[in-house]
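First residue of the sequence shown? That's 48 in my numbering, and the numbers climb one at a time after it.
For each residue, glycine too, the CB sits at the ideal point set by N, CA and C.
Following: one structure in structure tokens, then a few remarks.
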Amino acid sequence: MVRYLIVEDEPSVSSFLAEVAEQLGGAVHLASNLKEARQVIDTYRIDIVLLDLMLPDGDGLELLPHIKSTLPEAIVIVITSVYETKTIVRAIKEGASEYITKPVELAYLKKLLGNYQELVSLKRQRLSGAVDLDAIVGESPATEAIKKTIIEVASYSSTVLITGPTGVGKNLIAGVIHSQSPRAKGPFVVFDCTTVPEHLVEAELFGYVRGAFTGADRTKEGLVSEADGGTLFIDEICELPLHLQPKLLRL
């Protein structure tokens, strides 16, 4: 699912944009000013930002550097009544993909957002390393048995444990299971238990609220939530602290 942030202080315009995004299957977060927008950006992994420029607490362009530093893959579409060459140039230079002036035609907006949603899906596929069944090389009975098992388990929404020595391709198998499953269009999120300090593992997986621990200066969505609708691959799960393992059983 593509996640939108709509930064717009005019309720009628905000509702119109939200309705179009939701009709296209998007999840929508609303912000009526810069402060609210920053909170959403710092909390969720937003894919597409629809940004007005004339906001109660400042110029929407002030938000662009924060978006690009926090969410470098996010697509920003400026939708505003301001039509000035210098403003358009600045917006594009600071990372906006589109600059549209109000009023926006419904058919044009649907086509534009639909195209960008496809781009988001392609980016996710590239970043996740989604792979086809043919990526498993070999025609031996053992290899064919593995492929058959993958097809079988991929059809179920259940936990799968992949075991084997280092270097046999467990990561590859995980990617193939995801790509063969009904969740293939969703995100494929990888978490390596060996790369995160033990005291931060729970926060990375389940997220946290601002002030939950030293250094938690903002609320953050966890990887479990990010993987909703897709697959969460926990690499080296044997390194996961024992007191956290029972929590995964509740997912």
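Legend entry - C-alpha gap between P112 and P119, whole angstroms: 10 Å
Inset, instruction - For A68, I'd like the list of residues in its chain whose CB is within less than 6 Å of its CB, leaving aside the five on either flank, ordered along the chain. - result: Cβ neighbours of A68 within its own chain (closer than 6 Å, five residues either side excluded): Y51 and V75.
Inset, instruction - Given a cut-off of 8 Å, decide if T117 and D94 are closer than it, judged by their beta-carbon atoms. - result: Taking 8 Å as the Cβ cut-off, D94 and T117 do not qualify as a contacting pair.
Legend entry - Pick from Y255, Q86 and L71 that is closest to A78, judged by C-alpha positions: Q86
Legend entry - Proximity to K82 [Cα-Cα], best of I114, K133 and Y203: I114
Legend entry - beta strand (DSSP E) runs contained entirely in the region 101-144, provided each spans 3 or more residues: Listed in chain order, the complete beta strand (DSSP E) runs (minimum 3 residues) inside the region 101-144 are 122-127.
Inset, instruction - May I ask you to list the residues that DSSP assigns as paired with T210? - result: Per DSSP, none; premise fails for T210.
Legend entry - Member of S272, T196, Y255 and I124 whose CA lies at the smallest distance from the CA of I139: I124
Legend entry - When A250, S204, S205 and I183 are compared against K195, the one with the closest alpha-carbon: For K195, the closest alpha carbon among the candidates A250, S204, S205 and I183 is that of I183.
Inset, instruction - State the DSSP-derived secondary structure class of T148, mapped to helix, strand or coil. - result: strand
Legend entry - the region 241-259 contacting the region 52-65, beta-carbon criterion three pairs below 8 Å: no
Legend entry - Three-state secondary structure (DSSP) of H290: The answer is coil: DSSP assigns H290 none of H, G, I, E or B.
Inset, instruction - Kindly identify the DSSP beta-bridge partner or partners of V75. - result: Y51
Legend entry - Cβ neighbours of A84 in the same chain (closer than 7 Å, five flanking residues each side left out): L52, V54, A78 and L110
Legend entry - Opening and closing residue of the alpha helix (DSSP H) in which D89 lies: L81 to T90
Inset, instruction - In angstroms with no decimal places, state the Cα-to-Cα distance between R92 and E268. - result: 8 Å
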